[in-house]
Amino acid sequence: MLRPNPLTWPQYLYGKLGEECGELAQCVGKGLCFGIEDVNPNTGNPNWQDTRSEANDVNTILRMIGYATKINLLGAWAAGSANNKEMELKEARVVFYAQWALKRGTLVLTDDERKYFDMILSDNAEYLKDFKLPDELPQKNDVSSLNDDKR
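Numbering (my numbering), first residue to last: 4 to 154.
Structure (structure tokens):
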């Protein structure tokens with residue numbers, strides 16, 4: 004198996020930012036094509052709600068990049084969203100699934116970043132208790148595993 008060079012935590016977050024921006028772009032496209040109030044049959048939510056959720060995810064990753072690099076990518080308005088519960092939960096999910104990158108050897112952390120991971124995982128243990136990493140999910144031929152990936 005070909006092993007990629009491991010990423011630093013800020014590099015990993017930039018990859019996540021690209022992923023989240025893609026999801027936001029998809030929501031924007033659906034809103035344009037079908038109407039912002041049209042209901043997405045996959046989520047049961049109106050397109051505006053999915054767009055808001057994905058925009059929140061983008062902002063969460065921007066905040067996390069700011070913590071990791073000490074560069075505020077959000078600007079002054081971000082001060083009001085420091086205690087945003089949705090952002091905290093997204094941050095917990097990103098850290099949780101980043102453990103898979105650690106296991107695969109595609110992410111490396113400094114000691115301070117490891118402490119940050121431990122703090123986020125500890126603070127959100129109850130929320131994350133039912134989340135599973137890919138190696139903890141049932142095998143592909145098990146149909147029940149199709150909806151388990153919460154990334």
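Idealized CB from N, CA, C, for every residue including glycine.
{"query": "Confirm, please, whether the CB-CB distance from W12 to L110 is below 9 Å.", "result": "yes"}
{"query": "Could you tell me the alpha carbon to alpha carbon distance between N75 and L65, rounded to whole angstroms?", "result": "8 Å"}
{"query": "Could you spell out the range, first to last residue, of the alpha helix (DSSP H) harbouring T46?", "result": "Note, T46: premise wrong, no alpha helix (DSSP H); not H, not E."}
{"query": "How about Y119: is its Cβ closer than 8 Å to a heavy atom in the ligand NAD?", "result": "What this structure holds is no ligand at all, so the ligand NAD is not there to describe."}
{"query": "Given N87, which residues of its chain have a CB within under 6 Å of its CB, disregarding the five upstream and five downstream residues?", "result": "none"}
{"query": "What is the DSSP secondary structure of L5, counted as helix, strand or coil?", "result": "coil"}
{"query": "Can you tell me the Cα-Cα spacing of A28 and D121, whole angstroms?", "result": "32 Å"}
{"query": "Are there 16 or more other CB atoms within 10 angstroms of the CB of E129, so buried, or fewer, so exposed?", "result": "exposed"}
{"query": "Could you compute how far the alpha carbon of G34 sits from the alpha carbon of G78?", "result": "27 Å"}
{"query": "Output needed for D60: all residues of its chain with C-beta closer than 8 Å, excluding positions within five of it in sequence on either side, in chain order.", "result": "E23, E26, L27 and K93"}
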